Amino acid sequence: MVFDQLRIISILPKLFEYMKYQRQRERMVQEQLVARGINKREVLGAMYQVPRHLFVDEAFVMRAYGDHPLPIGEKQTISQPFMVAYMIEALRLNKNFRVLEIGTGSGYQTAILAEICEKVFSVERIKSLAQKAHRLLEQLGYHNFQILVDDGSKGWLEKAPFDGIIVSAAAPRIPPLLCEQLNEGGRLIIPVGDERSQTLRLIYKEGGEILEEEKFNCSFVKLIGEFGWDK
Ligand code: SAH
Numbered sequence: 001m002v003f004d005q006l007r008i009i010s011i012l013p014k015l016f017e018y019m020k021y022q023r024q025r026e027r028m029v030q031e032q033l034v035a036r037g038i039n040k041r042e043v044l045g046a047m048y049q050v051p052r053h054l055f056v057d058e059a060f061v062m063r064a065y066g067d068h069p070l071p072i073g074e075k076q077t078i079s080q081p082f083m084v085a086y087m088i089e090a091l092r093l094n095k096n097f098r099v100l101e102i103g104t105g106s107g108y109q110t111a112i113l114a115e116i117c118e119k120v121f122s123v124e125r126i127k128s129l130a131q132k133a134h135r136l137l138e139q140l141g142y143h144n145f146q147i148l149v150d151d152g153s154k155g156w157l158e159k160a161p162f163d164g165i166i167v168s169a170a171a172p173r174i175p176p177l178l179c180e181q182l183n184e185g186g187r188l189i190i191p192v193g194d195e196r197s198q199t200l201r202l203i204y205k206e207g208g209e210i211l212e213e214e215k216f217n218c219s220f221v222k223l224i225g226e227f228g229w230d231k
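Under my numbering, the first residue of the sequence shown carries the number 1, and numbering increases by one thereafter.
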């Protein structure tokens, strides 16, 4: 009996911490996403579910649910929550979709995609980030993802075609191989522009034709590779 009480007391701090972050996620979803027009249930559900504080640099845990990007090591950043939600909502993902993500980074966006889709293929050029993301995603119980360490500006030919492609690094132009690896009806979202500022572009394939929409200005880290920037 005393032993049981001790056990309950010992897990209380963990329980309070869990509840604290859950409250922060709830506020993030309401104030940063719903208030700005994100309304797809699956996207909001995934953003509510995934523990973002585990994906940021330890020094920034307290700011994990803030309305901004944050460092994740190797001079890279995890996108602002709204940007992640907006880009994913724009892909109009379905449960049975296969998606390609370029720029695994911390693995946060990979987790959101894995909550929504059947299979997530993610490419990251920095090995240490890919390994860390892989470990954390497995610890959190995700199994429907694969990470490749490579230059994602060329896509992932062996796994193509994809129903959706999301690029979370800025490209000087739309990488042609990514369009080729898109399924009929598939959508690609990517920031395109110069090194400082870009425009978010949505590309979709309909009747074999490539159509394009420009969204809003944004600022991402550089896509480095054959169809991105030189190192
Ligand atoms: N979506 C990530 C953040 C991505 S930051 C998250 O949720 O944490 C952009 C990432 O793109 C960085 O990790 C960077 O290393 C990676 N990157 C840049 N160029 C790349 C390329 N050609 N192929 C794959 N990854 C690339």
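Positions of the beta carbon are idealized from the N, C-alpha and C atoms, including for glycine.
As the structure is a prediction and not an experimental result, all values here were calculated from the model.
- Rounded to whole angstroms, R196 and H134 show a C-alpha spacing of 29 Å.
- Around the beta-carbon of Q198, 16 or more other beta-carbon atoms lie within 10 Å, marking it buried.
- With a cutoff of 8 Å, V99 does not count as near the ligand SAH, since its C-beta is closer than that to no heavy atom of the ligand.
- In terms of side-chain proximity, the C-beta atom of T199 is found no nearer than 8 Å to any non-hydrogen atom of the ligand SAH.
- In the displayed model, F55 falls within coil according to three-state DSSP, outside both helix and strand.
- Closer than 8 Å to some heavy atom of the ligand SAH: that does not describe the Cβ of A85.
- Taking C-beta atoms as the reference points, I189 and M47 fail to come closer than 9 Å.
- Between D151 and E226 the beta-carbon gap is near 6 Å, inside 8 Å, which marks them as a contact.
- Within the region 81–166, complete alpha helix (DSSP H) segments of at least 4 residues are found at 81–90, 108–116 and 127–139, given in chain order.
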